[in-house]
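First the structure, in the form of structure tokens, and then the observations on it.
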Amino acid sequence: MENQLKKAMAQNSNLHVAHRIRGATTYLAIALASFAVFCGSSQSETLFPSRVIRLIVPVAPGGGADAVARMLSEKMSLSLGVPIIIENKAGASGSIAAMEVVRAAPDGYTLMQCYVATHSTNPAVLKIKYDPIADFTPVGMMAQTSNVLVVGERVKAKSLQEFLAMARSKAGALSFSSAGSGSATHLIMEYLENQAKVDLVHVPYKGAAPAIQDLLGAQVDAMFPSLTTALPHIKSGRLRALAVASARRDPLLPDVPTVAEQGFAGFSAIQWWGLCAPAKTPEAVVARLNKALNDALSLPEIKLRLHDMAAEAMPLSPAQFESFLRVEVAKWTQLVRDTNLQIEQ
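Per our numbering, residue 23 is the first one in the sequence shown, and the count goes up by one each step.
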């Protein structure tokens, strides 16, 4: 009996030891697996980038936004040591491009050139399937350009106040063209109408090019295009600049006052381009991309090329760019509420 008891106690002790060994082994396996995942994630961020980066551009090739994306991606590619491939995905005011980036893996290898439509005006006027803040990680700002109020040859106004006096003289006396309903060129004029308490006739077009062509042809009276689009026609004398929408005068039009200077304090609107990644992109990856972008923007040749496009380099940190985006969305959303603006989709 005593021998049987000793044998049972020995077996129980062995089972207990085996259980402890198995428990320790399981714990060690979990710890090693977690460490491997951590190291793998950390290593992938440290080694970023190690392959081709896609930059989704939400407009067709050949325009100002596309040119900005291409000149900066070329310099960023040299800094990062990997190719950056441009993919133009125009349509739905940039929403097609935005959704592709929203669905992409948050690893820094799919980026988007965000701009005033996709991340400022679309959220205010369109029923979009993405959130411009929650669904993206801001990387940095690329550049900006002023919008400028221009009139054609048949409008004799020499200042903003003269233009507004003409508009007040008779309902529907003046018309304006835009690049489309809900576009920045439309909303900036709505912004002015709301502030000045005037009513202009809106004539929307499919793009800025036909809109400005009909202004040149005296089919409409005014437009609020980007300076990039308008400057050649201002220099030729075919269009007259009455005001710039930016908060300060544009160096390329030093004699043209801002809207704010002419009685509308706080009025400010610009065209801008930036760089965004999918939500939850790692901070280390974002920091690497931001540095490459800002280094490119600091190059004298890039500043000169942007100047030739009537644009200005705007290096910002990711946090600064996020703050800018939040202000933009709030501003245009409030404008649409104040004016009860309805956009047909």
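The beta-carbon is built from N, C-alpha and C at its ideal position, and this holds for glycine as well.
Quick caveat, the model's predicted, so the values are computed rather than measured.
Asked, Found
"Can you list, in chain order, the stretches of the beta strand (DSSP E) that have 3 or more residues and sit fully within the region 120-194?", "132-137, 158-168 and 170-173"
"What does the alpha-carbon distance come out to for the pair Thr361 and Gly202?", "17 angstroms"
"So what's Asn36 in DSSP terms, helix, strand or just coil?", "Legend: pLDDT at Asn36 = 49, less than 50; position of this residue unreliable, value from coordinates given subsequently. It is helical."
"Output the boundary residues of the alpha helix (DSSP H) element that contains Gln356.", "Pro340 to Thr361"
"Since Val223 contacts Gly194 with CB under 8 angstroms, what's their CB separation in whole angstroms?", "5 angstroms"
"With which residues is Ala263 paired in a DSSP beta bridge?", "Val172"
"Please name the residue in Ile108, Gly86, Tyr227 and Asn312 whose C-alpha comes closest to that of Asp330.", "Gly86"
"Going by DSSP, name the residue or residues bridged to Val225.", "Ser199"
"Is it a yes or a no for the region 236-243 touching the region 269-285, going by three-plus beta-carbon pairs under 8 angstroms?", "no"
"In terms of residue numbering, what span does the beta strand (DSSP E) encompassing Ile108 cover?", "Ile106 to Asn110"
"Taking 8 angstroms as the threshold, find out whether the region 172-181 comes into contact with the region 115-131 through three or more Cβ pairs.", "no"
"Consider the C-beta atom of Ala156 and the heavy atoms of the ligand COA; say whether any pair is separated by less than 6 angstroms.", "Because no ligand of any kind appears in the structure shown, any question about the ligand COA cannot be addressed here."
"Taking 7 angstroms as the CB-CB limit, is Ala282 close to chain D?", "Among the protein chains of the structure shown there is no chain D, as only one such chain exists."
"Which class does Ile256 belong to by DSSP, given the choice of helix, strand or coil?", "helix"
"So, with DSSP's three-state summary, where would you put Gln235?", "helix"
"With DSSP as the reference, identify every bridge partner of Ser248, one or two as the case may be.", "Asn169"
"Ala341 and Glu94 - do their beta-carbons sit closer together than 7 angstroms?", "The question names Glu, but residue 94 is Leu in the sequence shown. Cβ distance not < 7 angstroms, so Leu94 and Ala341 don't count as in contact."
"Considering only C-alpha positions, which residue in the set Arg271, Gly259 and Gly296 is nearest to Val161?", "Gly296"
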